[in-house]
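Chains as they are written, first to last, in full-length UniProt numbering: chain A, 1 to 528; chain B, 1 to 375.
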């Protein structure tokens, strides 16, 4: 069983251990596990995408055409759950697995076996989640937020979802503990905390958020489970409970969750901008402090998701002020990125295009976030397409664009082959154009009064919905370009990548050969 | 086919100069008709202007840099990577801007929450999937009715041309007088709903087992439409809200008319009905309250919504069926109709289900049977 002994000295050309499928099932190598996370998340991204396109096909024109209302609700619910828990979060963990040890000069993650376990829980959870479509009654249709008492009404698909959420939560918590321990204990000599690449910082802080809030989500869904089957009344007023309690507990998880999905994206972008501006990151220390402030503030803003539940004025005001404050550290980050570009010597290879696109479009999502933070305005836009537009601007144009930026940035390191610039740029331009065609009109729909999560709509919303549907299909198909780019690299079609394929990339990951050998930094490097 | 044509219209209506702008903007908040909605509208406009200014400033700098500080244009990278004064400035200035935004918002929050001294108080109850209104205080006290969407299924299923107010029309709209402070008490019967009329600037969740309140004072007469805004199950998209704001005289006439109707249709819960009359009445009650789930043909949508045709519940022990219909089934979408429907309606609808489709029990359930269970 030499393969599970990470400290054993290996010759790269003579690697013992299982081959074929068993290699992947038993692997404890951070690069293998990172690869599996990335492949898994992309498969889930495509599944969630198919759901989204079915939704958009139904909404292409007024009237019911393709699906029934009940199934429509299942689709919106599962689209959210699959994208959040199946696509975005595991993708960032994949990046963490691949890059954190390489960035801090560690030989592997701290807990290699636990790392394997936290990955292999995910396919199980995914099977439960997707499989719930095929049980009697279908998947849960209570929205990804699973609000009680609606979720208490659901069929057994809801129970499968609850178990899937539990399992994914366990996976996330283990992954997060692994990251915290790795970053705190396994840095190479001389790599002080304030010398770490910013991606390590943002993931460290994200990992603490995960450990803090995933148990809260587990508690919330467990209470639904016992309300459903064991006669408790946490969310049933007739038994002394309160439906709004669920929302408080859920959003105490849910708001930090938003930052769990964006802070690592900030980290990736903060790696890429300096490389292609050929200039050090502006305000490194203030970036770290801004990330930490966002994380702390994320615990005291949750009820801004609940302004319409009927809170006292004082509570509404507190959550409004706290939410507005988040604009300050977020603004600092955007200013720092722009200042990093300023008077640089920029080139726009694909990763830089995605990163610049990220700043531009994510910031629009930031502005609409600020508008939603104003409680009286939120009363008008809450649960409308305005909110749908807002969170897709931060989650798609934010998290997803940063993931693509990172993927193109590190693909040469992962595969040893340069991706095709033409394909990468085509992917970027198609994505950003179709993204805006899809989601920009949704701001107008929401302002004009179209609620979200409805399978059919009044006639005045028809034009923008048709436009959004066309954009959505364009956006969905554009993502297939990414498969072409990656497959070409994996098959070795392309220019061989040097250890440091970028002209001015800093960081330990560029000191090892491309592709990164199976074992790296067995002897820790010394950082000056 | 008409999609392209509609794009052309959209493209035109996005230009403010065209006439299409005048009535109702398709790209902005609805024309406000209350003081709160007006404040929200103006606050949103102000926020948009501030955000646009910041947007132009920040991205002006970024794109200037993107176009000029390129390697291909011979730009040589500078080496600065911090500047304490600049960093303090771009932390403090946003805080000041936020304070400027928070001030008007705070005033509006406080006025939105002031539900004191209403002229009229109406309780709105959310049901899956309709609204019930009870006028509990002020002019019109005692009026109560249920408000269902009136858009026909044929329009939804694309078998008939869609009407002007497709999905935004109801059989019994809420009616209120102009210029009077109307307090709405909200609750729900089953799951959380939300009562939202954009032009009135009101959105408030209706939470089962709890009462929340909100208010509005409409400054002009007219018909204002909205939707349920909280996902509440299968027909969440099909429970609109329609509010008619009338002049004081017209409102008084409406109240008199409603109270007259209420007195005329006051049912005698001890009356003995003939089977055929019960079935005929029950069919209407079924269509309005039950068919969304159990379907007009009684086949339901199993397993979430079980069939009634040939089902033990509608052919077996009648006491059991009365219990389920009046008290609901916990943990399912089956609501307790005991407080929603009159004893006569309950008797009629239960009789109907026991004598429709293949269910031919020949039994007539009398209102007295229901009151015996309810009391």
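Every residue, glycine too, gets a C-beta built ideally from N, C-alpha and C.
For the alpha helix (DSSP H) containing residue i, name the first residue and the last one.
i, result
"residue 441 of chain A", "421-448"
"residue 126 of chain A", "112-131"
"residue 70 of chain A", "69-81"
"residue 63 of chain B", "35-68"
"residue 96 of chain B", "84-112"
"residue 467 of chain A", "462-490"
"residue 267 of chain A", "263-277"
"residue 165 of chain A", "156-185"
"residue 151 of chain A", "150-153"
"residue 228 of chain A", "198-229"
"residue 89 of chain A", "89-104"
May I ask you to report which of helix, strand or coil DSSP gives residue i?
i, result
"residue 21 of chain B", "Here the model assigns residue 21 of chain B a pLDDT of 36, short of 50, so the residue's position is not dependable, and the following value carries that caveat. Three-state result, residue 21 of chain B: helix."
"residue 515 of chain A", "coil"
"residue 335 of chain B", "coil"
"residue 29 of chain B", "coil"
"residue 271 of chain B", "coil"
"residue 321 of chain B", "helix"
"residue 7 of chain A", "For residue 7 of chain A, the pLDDT reaches just 47, beneath the cut-off of 50, and the residue's location in the model is therefore unreliable, leaving the point undetermined."
"residue 33 of chain A", "helix"
"residue 359 of chain B", "coil"
"residue 370 of chain B", "helix"
"residue 354 of chain B", "helix"
"residue 376 of chain A", "helix"
"residue 22 of chain A", "helix"
"residue 384 of chain A", "strand"
"residue 389 of chain B", "With chain B covering only 1 through 375, there is no way to say anything about residue 389 of chain B."
"residue 521 of chain A", "coil"
"residue 50 of chain A", "helix"
"residue 527 of chain A", "coil"
"residue 66 of chain A", "coil"
Taking residue i as part of the beta strand (DSSP E), name the residues at either end of that continuous run.
i, result
"residue 124 of chain B", "120-127"
"residue 244 of chain B", "241-246"
"residue 176 of chain B", "174-177"
"residue 222 of chain B", "222-228"
"residue 315 of chain B", "No beta strand (DSSP E) holds residue 315 of chain B; the alpha helix (DSSP H) holding it covers 312-315."
"residue 186 of chain B", "182-188"
"residue 376 of chain B", "Because chain B here runs from 1 to 375, residue 376 of chain B falls outside it and cannot be looked at."
"residue 131 of chain B", "130-137"
Check the Cβ-Cβ distances between residue i and every residue of chain C, and say whether any is below 8 Å.
i, result
"residue 302 of chain A", "The structure shown contains no chain C; its protein chains are A and B."
Any idea which residues DSSP pairs residue i with across the strands?
i, result
"residue 301 of chain A", "Partner(s): none; residue 301 of chain A has no beta bridge."
"residue 193 of chain B", "B/206"
"residue 213 of chain B", "B/185"
"residue 146 of chain B", "B/132"
"residue 346 of chain A", "B/70"
"residue 496 of chain A", "A/417"
"residue 451 of chain A", "A/384"
"residue 170 of chain B", "B/149"
So which of the options has the shortest CA-CA distance to residue i?
i, options, result
"residue 175 of chain A", "A/145, A/206, A/505 and A/102", "A/206"
"residue 165 of chain B", "B/151, B/171 and B/178", "B/151"
"residue 271 of chain A", "A/54, A/527, A/442 and A/354", "A/354"
"residue 252 of chain B", "B/369, B/138 and B/134", "B/138"
"residue 215 of chain B", "B/186, B/209 and B/24", "B/186"
"residue 401 of chain A", "A/424, A/491, A/387 and A/321", "A/424"
"residue 131 of chain B", "B/360, B/234, B/340 and B/371", "B/340"
"residue 317 of chain A", "B/44, B/36, B/59 and B/112", "B/112"
"residue 475 of chain A", "A/44, A/52 and A/359", "A/52"
"residue 77 of chain B", "A/349, A/240 and A/504", "A/504"
"residue 479 of chain A", "A/126, A/467, A/427 and A/54", "A/427"
"residue 158 of chain B", "A/399, A/44 and A/61", "A/61"
"residue 177 of chain B", "B/268, B/66, B/121 and B/101", "B/121"
May I ask whether a heavy atom of the ligand ATP can be found less than 7 Å away from the beta carbon of residue i?
i, result
"residue 282 of chain B", "Ligands in the displayed structure: none, and consequently the ligand ATP is not present."
Contact the segment 22-32 of chain B vs the segment 186-205 of chain B: 3+ CB pairs below 8 Å: Yes, they touch.
Three-pair Cβ contact test at 8 Å for the segment 112-126 of chain A versus the segment 186-205 of chain A: Contact between the segment 112-126 of chain A and the segment 186-205 of chain A is absent: fewer than 3 CB-CB pairs across the two stretches fall below 8 Å.
Segment contact flag, the segment 331-346 of chain A with the segment 370-379 of chain A, C-beta cutoff 8 Å, min 3 pairs: Flag = no, the segment 331-346 of chain A and the segment 370-379 of chain A do not touch.
At least 3 beta-carbon pairs within less than 8 Å: the segment 258-277 of chain A vs the segment 235-252 of chain B: The way I'd put it, the segment 258-277 of chain A doesn't touch the segment 235-252 of chain B; fewer than three beta-carbon pairs between them come closer than 8 Å.
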